[in-house]
DNA sequence: CATTTTAATGCAATTATGTTGCAAATATAA
DNA sequence: TTATATTTGCAACATAATTGCATTAAAATG
Ligand SMILES: [Mn+2]
Ligand SMILES: [Mn+2]
Ligand SMILES: [Zn+2]
Ligand SMILES: [Zn+2]
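Chains as they are written, first to last, in the numbering used here: chain A, 299 to 443; chain B, 299 to 443.
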């Protein structure tokens, strides 16, 4: 079985992106976490390995290519998670619900929970739906009890 | 029938807030619009009538008291709308869908569209739901046709 | 109505987040 | 190995938001 780095390199090539250190590092970090990762956290972890501007540009490129998707938490902070397969440059196919824990502040992609269709008033044309649930995640509600 | 300003003054008193010019002005502006109002717009309209910091503090106080609610648009910008009745200091009772138009960028409170209940994975405890639909609003989809 | 009390405002400084232009570096194609 | 096209880093800038503190003003009190 091919290792993670090899997979990431192929992913970059497939999307016409050059195999660079900051890009591989971002993929490394994101893939190693069980929840969406905030921009500030990424910035902190990458430290001086990459300039702040580079990080923003890496994230933007990945988002455009459908490699990651952005989720804003309740404070408006950008969080990023690796996309499920099937997302591409011009369409993200992962309209799942996101869960923002009030306690640990993690954002989980609830890949199995799809957003139900909506009946909107006449005239409105819905393109995308974005649903964020807040409350306590499985970990935190355990601890509280 | 009592006029708007009188109503606003009562609203402030009821919530233990002093009747000040910046507060009345914010209520005036918000109530005169058909969609949620962004912080930058408010700042611009109020001009030098109130310091930027005061505006932030007015909005925060109103939100805490359940007088207005905040909606983040797709860029993470804060937008504010007056709450429906029944919202209070510690509970907002207006979990309706919000619609963010891709064209005019307005955010509409779809008061009549409630967010459907969700089935989440075991362990997760949902407190609040926050659903933003994007697409074209009634006005803009008219114009396009 | 004058005075006291308490809440709210304005200002200055600071932090966080995100963007742009451009020169230098580097990954990859030739 | 060289050429090219992309990517990076740096500097400067823009905007959003927060904090501490002195001053002002609203409302409560007598
Ligand atoms: Mn997700
Ligand atoms: Mn609303
Ligand atoms: Zn949690
Ligand atoms: Zn519109």
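All residues carry an ideal CB built from backbone N, CA and C; glycine is no exception.
*chain B residues whose Cβ lies nearer than 8 Å to that of residue 419 of chain A*: 408, 410, 411 and 436
*Taking Cβ-Cβ distances shorter than 7 Å, what residues in chain A pair up with residue 414 of chain B?*
414
_Beta-carbon neighbours of residue 430 of chain A, restricted to chain B and to distances below 7 Å_ = 428
*Indicate the three-state DSSP secondary structure (helix, strand or coil) for residue 405 of chain B in the structure shown.*
strand
*So, does the CB of residue 439 of chain A fall closer than 8 Å to a CB anywhere in chain B?*
yes
*Is the region 415-435 of chain B touching the region 423-433 of chain A, taking contact as three or more C-beta pairs under 8 Å?*
yes
*If you drop the 5 nearest sequence neighbours on each side, which residues of the same chain put their C-beta closer than 6 Å to that of residue 369 of chain A?*
334, 377, 396 and 405
*Is the number of C-beta pairs between the region 337-354 of chain A and the region 305-316 of chain A that are closer than 8 Å three or more?*
no
_Which residues neighbour ligand 3 when neighbourhood means a C-beta less than 5 Å away from any of its non-hydrogen atoms? List them by chain order._
A:399, A:401, A:402, A:435 and A:438
*Any heavy atom of ligand 2 within a distance shorter than 7 Å of the CB on residue 379 of chain B?*
yes
_Let me check one thing: in DSSP terms, what residues is residue 397 of chain B bridge-paired to?_
B:406 and B:431
_Own chain, CB closer than 8 Å to residue 416 of chain A, minus 5 neighbours either side, in chain order_ = 424 and 427
_I'd like to know whether the C-beta atoms of residue 434 of chain B and residue 380 of chain B end up nearer to each other than 8 Å._
no
*Measuring CA to CA, which of A:436, A:394 and A:421 is closest to residue 403 of chain A?*
A:436
*Proximal chain B residues relative to residue 425 of chain A, where beta-carbon distance stays under 9 Å*: 400, 431, 432, 433 and 434
_Less than 7 Å separating the Cβ of residue 426 of chain B from some heavy atom of ligand 2?_
no
*Across which residues does DSSP place residue 412 of chain B in a beta bridge pair?*
B:394
*Reduced DSSP secondary structure (H/G/I, E/B, other) of residue 322 of chain B*: helix
*asked:* Given this structure, state the Cα-to-Cα distance separating residue 407 of chain B from residue 303 of chain A, to the nearest angstrom.
replied: 45 Å
*Quick one: is the Cβ of residue 275 of chain B within less than 7 Å of any heavy atom of ligand 1?*
Given a span of 299 to 443 for chain B in the structure shown, any question on residue 275 of chain B remains unanswerable.
*When the distance is taken between beta carbons, is residue 324 of chain B closer than 8 Å to residue 356 of chain B?*
yes
*Tell whether a beta-carbon distance below 8 Å holds between residue 336 of chain B and residue 375 of chain B.*
yes
*Return the residue from the list B:363, B:314, B:372 and B:320 that minimises the CA-CA distance to residue 401 of chain B.*
B:372
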